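Same order as they appear, the protein sequences are chains G and A. Going by my numbering, 217 is the number at position 91 of the first sequence; the sequence numbering is gapless. Going by my numbering, 1069 is the number at position 700 of the second sequence; the sequence numbering is gapless. What follows is a short report on a single structure.
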Amino acid sequence: MPDPTEQGTSEDLHEVTVVVNGVARTATVPARRLLSDFLRHDLRLTGTHVGCEHGVCGACTVLVDGEPARSCLMFAVTAQGHAITTVEGLGTEESMSAVQQAFTECHGLQCGFCTPGFLTTVTAFLDENPSPTPDEARDAVFGNLCRCTGYQNIVKSVLRAAELREEQQVPYAAEPAQRHTASSVVAEGGSA
Amino acid sequence: MTTQMFGAPVKRREDPRLVTGHGRYLDDLGHDALEAAFLRSPHAHARIVDIDVADAIDVEGVAGIYLHEDLTGAMAEPLPLLIPHPTLTHGRTTHALAKDEVNHVGEAIVMVVATNRYVAEDACQRIRVTYEHLPVVVGIEAARDGEHLVHEDVPGNVAAHMTQQVGDVDAALSSAPHTLTLDLDIERSASMPMEGKGVYARWDDERGELRMYSSTQTSTGVRAAVAARLGLPLAKVECIAPDVGGGFGVKIMHPWPEEVLVAWAARLLGQPVKWTEDRREHFVSSAHERGQLQQVTVGFDDDGRLLGLDVRLWHDNGAYTPYGIIVPIITSTQLLGPYKPGAYRVEFWSLYTNTVIVTPYRGAGRPQGVFAMERAMDAIADRLGLDRAEVRARNFILPEEMPYDHGLLFQDGRPLKYDSGDFPASLDKLKKLVGWDDFAAYRAAAEAEGRTVGLGIGCYVEGTGVGPYEGGHIQVETSGRVNVSTGLTSQGQGHETVFAQIVAQELGVRLEDVHVTTGDTRRMPYAVGTFASRAAVMSGNAIALAARNVRAKALRIAADALEVAVDDLEIADGTISVKGAPGTAMSLGTVSVLSNPLRYAFDEAAKAATQFAGTFDPDKPPVADDEEPGLEGKDFYSPTQATFANGMHAAIVETDPVTAEIRILRYCVVHDCGPMINPMIVEGQVHGGVAQGVGGALYERMDYDSSGQLLNASFMDFLMPYASEVPHVETDHLETPSPLNPLGIKGAGEAGCIPVSAVIASAIEDAEGFPISRMPISPNDLWELRRRHRAGELPSLNRSTHPAHEEPTP
């Protein structure tokens, strides 16, 4: 936890605007507000989960300008002006992304708590490496902890997602900035 | 007949919600709630001299600071001892907030409630506690030694001492042609779900009612415990388990201090209050398991058949015993596995230490028991120069000997009586799967390349589906939607899917029309909980029985309406039709309409059920004397005993001759949990269990120093396996039905992790040529064992043909 406040005084607040899943979102938060808490509690995007609060488990992984980042290791104020993709931005129940669909097909999740971090990580990985070998698929997820699945069906899901993306002709995106940012940013009236 | 649903690997109903970020876990709820943080003891054993909160009360945003002295009535009493046992003569539990003394690092002393967690933690940092240090007891040897005491009034630190015996062990051992004694050691690990615990409570002042959510494995248990502590009628408390991010045992323990305190604070403050456990808190204030020392003496004949087995266990139960002595009881009974032990005596001591409490973690004492038995099996084979699989086969209980009564009492106080299983068939499958008989050639080829490999094996039997009961309730709406509820909770096992499969099969409806709710006391107030691989067996059978009731009622109503005999009807895809005359049919939704005679028409469907619609017999009441309105049914399943699943694992490991790194090259599982409701989900449970077993065998330990500080209380230091550490698991299944329950099923949840430490020890021993008696084993440990072996401090295996490792050159 960051330094405590001075006794009896309130914290300085900062207005932070972040483009989240293609929408500009603004909230007023203390400097020490973690990006994970900002997403979850200020913007109420609770799909991003927090498993360890020290950057080891990967459950809170989001894409910052297309690249995976641990949202528990970033302050909200640091994300000012950046584009963030959370699990909610990958697809919907009616229209899942290839990675989401693959995880449901291959039983790639059980309790589902770590899953959002895997989905964002794998999405970025497949952008860069659209047709991985089984070994590469396993390597792609070894920065994320899962206590339920034993990873076998997660690896299977990565390979299946690559197949689905090929079928769906998801474009190769070499530059992180090209990934998962809406073509036009919708400005949102007022703060979240 | 509806498409066969029981046994189909259907995709999970829960997944679309969970992969799109729409799961609702505990901390996803209550954005408007105040948040609690706890000041926890930094010392393992100390008297609390003074607590000074003066600096904390002025922190802006603090709503309340609470000590033990602020609690009154039942809130101030020690927390309940959930599972008493006659041999637990010195059971001790903690208080919700520490009273006078702390007994482990992490014990809660002060609760702060504030506008958010950041502020609550700020306030915690400003609280000053003065302690008087007491001697610390860490480790089983120190506890057993009894020089220092955890609790002043518990002599020798012994919470419980229990012996069970069948036959004359002393006579069997003294007359046995061969005897062996093994001293074994298993370290602590923990469930470590990705989501920690959490509680969120709302008090409705106008109605005097509490609604609480807990990340728990038993919402009915939490509800009853909190109602009792808060002095509320049960009817005024409801508890809901939302999506739960893994449990693995730790969340069956209840009520946690935080569960009663958060509910209490919500009522006191008249505002919603939430607490979300952080990872460090989970390490130091939830629960651990596994830690045991064991001494196994076995007597056997020239063929390797067991004549007598004498086991002594020293079990580390941590600072308190709120969950009783379930874990060592399970170790002492499930140790027997698929074998006939001859005469058997098991004696255990459950010992206090100044460490986190010990409550069941997936496997719940079985991994330790299996380790003891399987180490003994390998030692017998080595002594006699026999094949390790052959020695096991010679001791198996055979299918024709089922049901087999060991003459012992199991963890539920009922006989340890195996209901079914075909151990020789399982072993055959395993030997084929791993290539047991070809391993010598494989090893020779590896050795020719300068590689060291070993083959290991382990067998287990798991009592699953213990009572007392679970229930199922099914209601068919007029739309045809089928609502199913059962009281036990879900933590990723796919209950929404498998229970829907059972209902689809039994009732004859489409899977997508079935909607399952678990762990909500508003929907099913009678339930026990999710533990002991019991959910499918207990709730699955209760739901099947309820579905059969609903089906019978639907057929009665439809037969009456269609003016045919019940036997002439069939149900498929939610439609009841006359056999051979599919045109004469009505949907279950219509039956639901007919089942509930109405006075008021609120929609088109309801209109058909009103008093002036259709025809009726004026001599009969609208609801028959022995019926109830509504197309719904309820039933409970309560078995006389557990049903026993089993399995056998084998692994091939490679050990690095220089660095002593251990790699699992192959991992093979043969698993028998009876007929599988959903094989995809069973496979997933096995994979996950094996991964936890691998963690326990090679990586995970709770690194307590002598002052009781847990040195590795983070994911950085506690080595939970990543994808890079877990092998690909090869599986095969037997489906031996249980004769005990209507569906013939057995539990599958814990199985995967149970024999893994035994299997890996067996394989490493086989690779290295000297005995392995302590798990987990790290490369450092193996390096040290090699050094001791070279120094002559550790004997070689008799079967060892490998030369001792050369001293590596730096």
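For every residue, glycine included, the Cβ atom is placed at its ideal position computed from N, Cα and C. From a predicted model like this one, the values you see are computed outputs, not experimental measurements.
- In the DSSP assignment, the residues bridged to A:Tyr-1073 are A:Leu-1079.
- Just so you know, the alpha carbons of A:Tyr-811 and A:Ala-817 end up roughly 10 Å apart.
- Closest option to A:Phe-617, judged by alpha-carbon separation, among A:Val-606, A:Ala-634, A:Glu-516, A:Thr-728: A:Thr-728.
- Under the DSSP definition of a beta bridge, A:Ala-950 partners with A:Val-947.
- Residue pairing by DSSP places A:Ile-434 opposite A:Val-481 in a beta bridge.
- Boundaries of the alpha helix (DSSP H) around A:Lys-922: 904 to 931.
- For the region 843 to 868 of chain A, the set of positions with a beta-carbon nearer than 8 Å to some beta-carbon of chain G reads Gln-860, Gly-861, Gln-862, Gly-863 in chain order.
- Three or more Cβ pairs closer than 8 Å define a contact, and the region 238 to 253 of chain G falls short of that threshold against the region 870 to 885 of chain A.
- With a 10 Å radius around the Cβ and a threshold of 16 neighbouring Cβ atoms, A:Met-1085 comes out exposed.
- Under the DSSP assignment, A:Asp-1135 falls in the alpha helix (DSSP H) whose first and last residues are 1125 to 1137.
- Counting the other Cβ atoms within 10 Å of the Cβ of A:Tyr-730 gives 16 or more, which makes it buried.
- Here A:Ala-596 has Leu-603, Val-606 as same chain residues with Cβ atoms under 6 Å from its own Cβ, once five neighbours each way along the sequence are excluded.
- The shortest CA-to-CA distance from A:Gly-999 to any of A:Thr-645, A:Val-919, A:Leu-662, A:Lys-798 is the one to A:Val-919.
- Per DSSP, the beta bridge partners of A:Met-955 are A:Ile-945.
- Look at A:Arg-393 here: in three-state DSSP terms it is coil, with no helix or strand label.
- Straight through space, the alpha carbons of A:Ala-901 and A:Asp-1041 are spaced by roughly 16 Å.
- The beta carbon of A:Ala-432 is closer than 8 Å to those of Leu-403, Val-482, Ala-483, Thr-484, Leu-638, Gln-640 in its chain, skipping five residues each way along the sequence.
- The CB of A:Asp-384 comes closer than 8 Å to the CB of Phe-229, Thr-230, Leu-235, Gly-238 in chain G, given here in chain order.
- For the pair A:Asp-419 and A:Thr-499, the CB atoms are nearer than the 7 Å cut-off.
- With a beta-carbon spacing of about 7 Å, A:Thr-389 and G:Glu-214 fall inside the 8 Å limit used to define contacts.
- Between the region 647 to 658 of chain A and the region 577 to 585 of chain A, the count of C-beta pairs closer than 8 Å stays below three; the two stretches do not touch.
- Residue state for A:Trp-1152 is assigned as helix, using DSSP reduced to three classes.
- Rounded to whole angstroms, the gap between the alpha carbons of G:Ala-209 and A:Leu-1088 is 33 Å.
- Residues of chain A with a Cβ closer than 8 Å to the Cβ of G:Pro-258 do not exist; the shortest Cβ-Cβ separation is about 13 Å.
- By the rule that beta-carbons nearer than 7 Å mark a contact, G:Val-267 touches chain A.
- Chain G places a beta carbon closer than 7 Å to that of A:Pro-562, counting this residue as a contact.
- Judged by beta-carbon spacing, A:Ser-719 lies within the 7 Å limit of A:Ala-528, meaning their Cβ atoms are closer than that value.
- Around the C-beta of A:Ser-1126, 16 or more other C-beta atoms lie within 10 Å, and the residue is accordingly described as buried.
- Closer than 7 Å to the CB of A:Thr-389 there is at least one CB belonging to chain G.
- Runs of the beta strand (DSSP E) lying entirely within the region 139 to 190 of chain G, each at least 3 residues long, are 139 to 146, 149 to 156, 187 to 190 in chain order.
- Contact residues of the region 639 to 655 of chain A toward chain G are Asp-647, Arg-648 (C-beta to C-beta distance below 7 Å).
- For A:Trp-625, the three-state secondary structure derived from DSSP is coil.
- Taking the Cβ atoms as the reference, G:Cys-274 lies roughly 5 Å from G:Cys-237, within the contact range of under 8 Å.
- Across the structure, A:Leu-799 and A:Ala-1020 are spaced so that their CA atoms are roughly 10 Å apart.
- What G:Gln-278 touches in chain A, judged by beta-carbon distance under 7 Å, is His-1056, His-1097, Val-1098, going in chain order.
- C-alpha of A:Pro-951 to C-alpha of A:Thr-944: approximately 10 Å in a straight line.
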